[in-house]
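Notes follow the structure.
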Amino acid sequence: MKLSKYAKLVKEGGYCSVIHAEDSGIWLGTRAALFRATELPDMVGEEQVRTVLDIPEKAWEKVHLEEKWVDSVHDIFGLNLSDFETGEQDTTKLKMLAAPDGLWCACRRRADTGELIFYQEKLLYPIGDQIKDSDYIRYTARRMAASGQPYLVVHDGFEVLAAVMPVQVVTEEYLADLSDFQALCTEQFYRERSRAAADEGAEDAEAEKTMEQIGMEEVGGEA
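Heads up, the sequence shown is in the numbering used here, so the first residue is 1293 and it goes up one at a time.
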C-alpha cells in the first residue's frame, strides 16, 4: 500500500487506527476502511505511528489515534479480514456513479441477491497501484456478524488487501431526485435528437439547392 495516500486520508478524516493482529501483523484503518500493512515494522504509540506515516507534528495534533490488539483477523471492529469467509459473494461494478450531496460513490452489485453496495472509491487509493497492476483483484461482499451490515472486501488472489464500509445512498429523497433527473435527461435527449434532425434536414435542403444551382448552370452553358 502507498503510505503517503493513507496518510492523506488520515489527515482528511482526523482519525487513524493501528490494529495489531496476533495471527497476521499490522492493519491500518480510517473510520470507513481497513488496509493490510503487514509489511510494516511493528509500531506502538503516537510518536512511532506519526513517524512511520511521516505526518508533521502540527497536522498530527488534529488526528485521533486508536490502537487495538486482537487475537485474529476474523474480528477487527466486527469485520472478518481473513482470506476466506463462508457465504461471501462476488460483486460486479456498475457503470454509473452516485454523488449524493457531492459525495462520489462507486457501486457494486452482489452476484446472488442483486443487492447494491455503494462505497467511496477514494478510500481505496492507498492500494490503487495494486488494484491497477494485478490481474487477480476481486471484490466480495461480506456481512458483519452482529448487525448483518454488508461491507466490501478487496482480494488480490488469495490475500485480502482491504475492506471498506458502504455508504447509505438510496433514500426516498434520493429516489425522488433521481426520478426528477431522469425526466430532465429524457427531455434533453429528445430535444437534442429533434435539433439534430432539424440540422440534418437543413443540410439536405442546402445540398439540394446547391445541386439545382449546378444543374441550372450546366443547362445555361449548353445553350
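Built from N, CA and C at the ideal position, the CB exists for glycine as well. This one's a predicted model, so the numbers in the text were calculated from it and none came from an experiment.
CB of residue i within 7 Å of CB of residue j, strictly
i, j, result
"VAL1456", "TYR1411", "yes"
"ARG1434", "VAL1445", "yes"
"GLY1344", "GLY1306", "Correcting the residue identity first, residue 1344 is Val in this sequence and not Gly. Against a cut-off of 7 Å, the Cβ pair of GLY1306 and VAL1344 comes out as no contact."
"GLU1413", "ALA1391", "no"
"ALA1351", "LYS1303", "yes"
"PRO1458", "ILE1423", "no"
"ARG1401", "TYR1431", "no"
"ASP1404", "GLN1381", "yes"
"LEU1415", "ALA1329", "no"
"VAL1310", "GLU1349", "no"
Residue nearest to residue i in terms of C-alpha spacing, selected from the options
i, options, result
"ASP1393", "ILE1423, GLN1480 and ASP1469", "ASP1469"
"PRO1442", "CYS1308, ASP1334 and GLY1370", "GLY1370"
"LEU1357", "LEU1373, ILE1368 and VAL1336", "VAL1336"
"ILE1347", "LEU1326, LYS1360, LYS1300 and PHE1481", "LYS1300"
"VAL1341", "HIS1312, ALA1325 and ALA1324", "HIS1312"
"PRO1451", "SER1426, GLY1440, GLU1464 and GLU1479", "Strictly speaking, residue 1451 in this sequence is Glu, with Pro absent from that position. Among SER1426, GLY1440, GLU1464 and GLU1479, the Cα nearest to that of GLU1451 is on SER1426."
"HIS1447", "GLY1406, TRP1361, GLU1465 and THR1383", "THR1383"
"ALA1437", "VAL1362, ASN1372, TRP1361 and PRO1333", "ASN1372"
Residue range of the beta strand (DSSP E) that includes residue i
i, result
"ARG1323", "Per DSSP, ARG1323 belongs to no beta strand (DSSP E) and is neither H nor E."
"GLU1451", "1451 to 1456"
"ALA1299", "Premise fails: ALA1299 lies in the alpha helix (DSSP H), 1295 to 1305, not in any beta strand (DSSP E)."
"GLN1381", "1381 to 1385"
"ASP1448", "1442 to 1448"
"ALA1398", "1398 to 1402"
"THR1432", "1429 to 1435"
"VAL1362", "1356 to 1362"
Minimum Cβ-Cβ distance from residue i to chain C less than 7 Å
i, result
"ALA1391", "The structure shown contains no chain C; it is built from a single protein chain."
Cut-off 6 Å between Cβ atoms - residues of its own chain near residue i, not counting five sequence neighbours on either side
i, result
"SER1364", "ASP1315"
"GLY1321", "SER1309"
Extent of the continuous alpha helix (DSSP H) run through residue i
i, result
"ALA1351", "1349 to 1352"
"LYS1414", "No alpha helix (DSSP H) contains LYS1414, which DSSP labels as neither H nor E."
"LEU1332", "Segment: none, LEU1332 is in no alpha helix (DSSP H) and carries neither H nor E."
"ILE1423", "1420 to 1425"
Residue i classed as buried or exposed, judged by whether at least 16 other C-beta atoms fall within 10 angstroms
i, result
"CYS1308", "buried"
"ALA1454", "buried"
"MET1293", "buried"
"TRP1319", "buried"
"PHE1327", "buried"
"PRO1418", "buried"
"GLY1440", "exposed"
Residues of its chain near residue i, where Cβ-Cβ distance is below 7 Å and the 5 sequence neighbours each way are ignored
i, result
"VAL1461", "ALA1390, PRO1392, CYS1397 and PHE1410"
"GLU1338", "LEU1357"
Residues near residue i by beta carbon distance below 8 Å, same chain, minus five either side
i, result
"ASP1375", "HIS1447, PHE1450, GLU1451 and VAL1452"
"ASP1421", "LYS1294"
"SER1471", "none"
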